[in-house]
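Asks: So the sequence shown is residues 6 to 360, counted in the numbering used here.
Ideal Cβ placement from N, Cα and C applies to all residues, glycine included.
Just so it is clear, the structure is predicted and the values come from calculations on it, not from any experiment.
So that we are looking at the same thing, I have put the structure below in structure tokens.
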Amino acid sequence: MKGHRGIAGLLILAAFAVLPAAQTETVIPRPRGYVAVKAAAAPVIDGKLDDAAWSAAAWTEAFVDIEGDVKPKPALLTRAKMTWDDTYFYVGAALDEPALWSDITAHDAVIFHENDFEVFIDPDGDSHAYYEFEINARGTFWDLFLPVPYRAGGKALDSWEIPGLKSAVAIDGTLNHPGDVDRGWTVELAFPWAVLGQQANRPAPPRDGDQWRVNFSRVEWTTETAGSSYRAKAGVPEHNWVWSPQHVVDMHRPERWGYVQFSDKPAALVPDPSWPARQWLQAIYEAQREFRRTRGRYAATLGELELNVFMDFSLGRPQLWATPSLFEASIETRVAGGPPVVWRIRQDARVWSGQ
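Shown next, in the form of structure tokens:
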């Protein structure tokens, strides 16, 4: 269902009263952002971040735990860089690592069963039709496409491939050799716009100033010596370190990924004006999921949900249309100097603006 017309006549419209400030709860902070400046010349994809394009690109902030500040800072430094041209979106990353370990050699194997670096890309920010890429220190990678997030009933398409992808890693140390202390590894990736644009519903390569939702993850296992190599220590869970915190142990929450702003030249990051509306819609979505889990249906009114969230007075009044098995919520944003924009969310977690 593109909008709510498909179930018109069955739907119940409800306006939401503003809750008193005393009932507020903590909301998710704005995700991190990065301005990716267009490269004057393409980098050579050899795993080494020594090209002029990378010298001109800034590092991201150091990665943090996937849950954010509630967990300790990672013990090892991880950072990334981004740039682009008319053919590729380039990602570079540097991962400190004293014990370089990698055994997986089969393409499209589950790479996160050992230490890896991961890229997540949602071109249009609707939380659907997004890309995931994982690579290990051997350069073995897994590329997959998710039409719908897992928790909304989606399944990954492992057969999806990235024709024209360029990838390389460089290690600073010795792989699978416990007899020394390594320094780390670097990753260099070139994602072709011709592939990323297939599900983008917007220009690819992007226009100057366009923002895409992107995040990076590093899976790091506690290792132990196993003969002449390493293995993950039994019974010890992996660490999940990310660029922009998810505030939950789940990378498949595209609504919490960072913002990458593509720019022809150095520029300031523009905060997403839809963020307050997205926050409200996500709160409604989460409340509806819980309501259906406990009562077997979706709430017919926002009042039934008893949302304990502070109303942003820059927004219009939220509305809800619902049946026992479907729902759609909307809220209007009002940006000074521009027309109102209506943002919507539905039961499969898709978020979009317009009808």
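Measuring CA to CA, which of D108, I50, L81, Y93 is closest to S233?
Replies: Translated into the one-based positions of the sequence shown, residue 233 becomes position 228. For the residues D108, I50, L81, Y93, the minimum Cα distance to S233 belongs to D108.
Asks: Relative to the C-alpha of H118, which candidate in R188, R223, V75 has its C-alpha closest?
Replies: Position 113 of the sequence shown, counting from 1, holds the residue named residue 118. Nearest C-alpha to H118: R223.
Asks: Tell me the DSSP bridge mates of I336?
Replies: Within the sequence shown, numbered from 1, the residue matching residue 336 stands at position 331. Looking at the DSSP assignment, I336 forms a beta bridge with W348.
Asks: From W165, F68, L149, W280, pick the residue whose C-alpha is nearest to that of R339; which is it?
Replies: Here residue 339 refers to the residue found at position 334 when the sequence shown is read from its first residue. The option with the nearest alpha carbon to R339 is W280.
Asks: On the DSSP letters alone, give me the boundaries of the beta strand (DSSP E) that G263 sits inside.
Replies: Stepping through the sequence shown from its first residue, residue 263 is reached at position 258. That run of the beta strand (DSSP E) goes 263-268.
Asks: Check the C-beta distance from A199 over to I50 and give it rounded, since I have them as a contact under 8 angstroms.
Replies: By one-based count along the sequence shown, residue 199 stands at place 194. By one-based count along the sequence shown, residue 50 stands at place 45. The pair is not a contact, with the Cβ atoms about 16 angstroms apart (cut-off 8 angstroms).
Asks: P48 to S60, Cα distance in whole Å?
Replies: Mapped onto the sequence shown, residue 48 falls at position 43. Mapped onto the sequence shown, residue 60 falls at position 55. If I take the Cα positions, the gap works out to 10 angstroms.
Asks: Please identify the residue among T88, G52, I289, P168 whose C-alpha is closest to the C-alpha of R349.
Replies: Residue numbering aside, residue 349 sits at position 344 when the sequence shown is read from its first letter. Answer by Cα proximity: I289.
Asks: Assign P183 to one of three DSSP states: helix, strand, or coil.
Replies: Here residue 183 refers to the residue found at position 178 when the sequence shown is read from its first residue. Three-state result, P183: coil.
Asks: With contact counted as at least three CB pairs below 8 angstroms, one residue from each stretch, are the stretch 131-141 and the stretch 230-246 in contact?
Replies: These segments do not touch.
Asks: Are P271 and V40 touching if we call contact CB-CB under 9 angstroms?
Replies: As a position in the sequence shown, residue 271 is number 266, starting the count at 1. As a position in the sequence shown, residue 40 is number 35, starting the count at 1. Contact: yes.
Asks: Please name the residue, chosen from A354, S358, G359, that lies closest to P152 on a Cα-to-Cα basis.
Replies: Residue 152 sits at position 147 when you count from the first residue of the sequence shown. The shortest C-alpha separation from P152 is found at A354.
Asks: To the nearest whole angstrom, what separates the beta carbons of F94 and L201, a pair I think is in contact under 8 angstroms?
Replies: Working through the sequence shown from its first residue, we reach residue 94 at position 89. Working through the sequence shown from its first residue, we reach residue 201 at position 196. Between L201 and F94 the Cβ distance is about 6 angstroms, and since that is below 8 angstroms, they are a contact.
Asks: Between V69 and F221, how many whole angstroms is the CB-CB distance? I'm expecting something under 8 angstroms.
Replies: Counting from one through the sequence shown, the residue named residue 69 turns up at place 64. Counting from one through the sequence shown, the residue named residue 221 turns up at place 216. No, V69 and F221 are not in contact; Cβ-Cβ is about 11 angstroms, not under 8 angstroms.
Asks: Three or more beta-carbon pairs under 8 angstroms between the stretch 82-89 and the stretch 172-183, yes or no?
Replies: Not touching, per the Cβ criterion.
Asks: Please report the straight-line C-alpha distance between P345 and D113, rounded to a whole angstrom.
Replies: Within the sequence shown, residue 345 is the residue found at index 340, counting from 1. Within the sequence shown, residue 113 is the residue found at index 108, counting from 1. Approximately 44 angstroms, taken between the alpha carbons.
Asks: Does the beta-carbon of Q352 have 16 or more other beta-carbons within 10 angstroms, so that it is buried, or is it exposed?
Replies: Against the sequence shown, residue 352 aligns to sequence position 347. Label assigned to Q352: buried.
Asks: Alpha carbons only, please: which of F122, G73, V42, I71 is nearest the one belonging to A57?
Replies: Within the sequence shown, residue 57 is the residue found at index 52, counting from 1. Cα-wise, what sits closest to A57 is V42.
Asks: Taking only three categories from DSSP, how would you classify E72?
Replies: For this step, residue 72 is matched to residue 67 along the sequence shown. Coil at E72, not helix or strand.
Asks: Pick helix, strand or coil for A134, following the three-state DSSP scheme.
Replies: Counting from one through the sequence shown, the residue named residue 134 turns up at place 129. Reduced to three states, the DSSP call for A134 is coil.
Asks: For K72 versus Q251, is the C-beta distance shorter than 9 angstroms?
Replies: Residue numbering aside, residue 72 sits at position 67 when the sequence shown is read from its first letter. Residue numbering aside, residue 251 sits at position 246 when the sequence shown is read from its first letter. Per the sequence presented here, residue 72 reads as Glu, with Lys not at that position. Going by C-beta atoms, E72 is nearer than 9 angstroms to Q251.
Asks: By Cβ distance below 8 angstroms, which residues in the same chain neighbour Y303 in space, the five residues on each side in sequence not counted?
Replies: Your numbering for residue 303 matches position 298 in the sequence shown. Taken in chain order, the residues that qualify are Q293, F296, R297, A327, T328, P329, S330, L331, F332, Q352.
Asks: Determine the burial state of G184: buried for a count of at least 16 other Cβ atoms within 10 Å of its Cβ, exposed for fewer.
Replies: To locate residue 184, count along the sequence shown from 1; it is residue 179. Label assigned to G184: exposed.
Asks: T145: buried (16+ other C-beta within 10 angstroms of its C-beta) or exposed?
Replies: Your numbering for residue 145 matches position 140 in the sequence shown. So T145 counts as buried.
Asks: Does the beta-carbon of A80 have 16 or more other beta-carbons within 10 angstroms, so that it is buried, or is it exposed?
Replies: Here residue 80 is taken as the residue at index 75 of the sequence shown, counted from 1. When all chains shown are included, A80 counts as exposed.
Asks: Do I167 and N141 have their CB atoms nearer than 9 angstroms?
Replies: The residue you call residue 167 lines up with position 162 of the sequence shown. The residue you call residue 141 lines up with position 136 of the sequence shown. Cβ atoms of I167 and N141: not closer than 9 angstroms.
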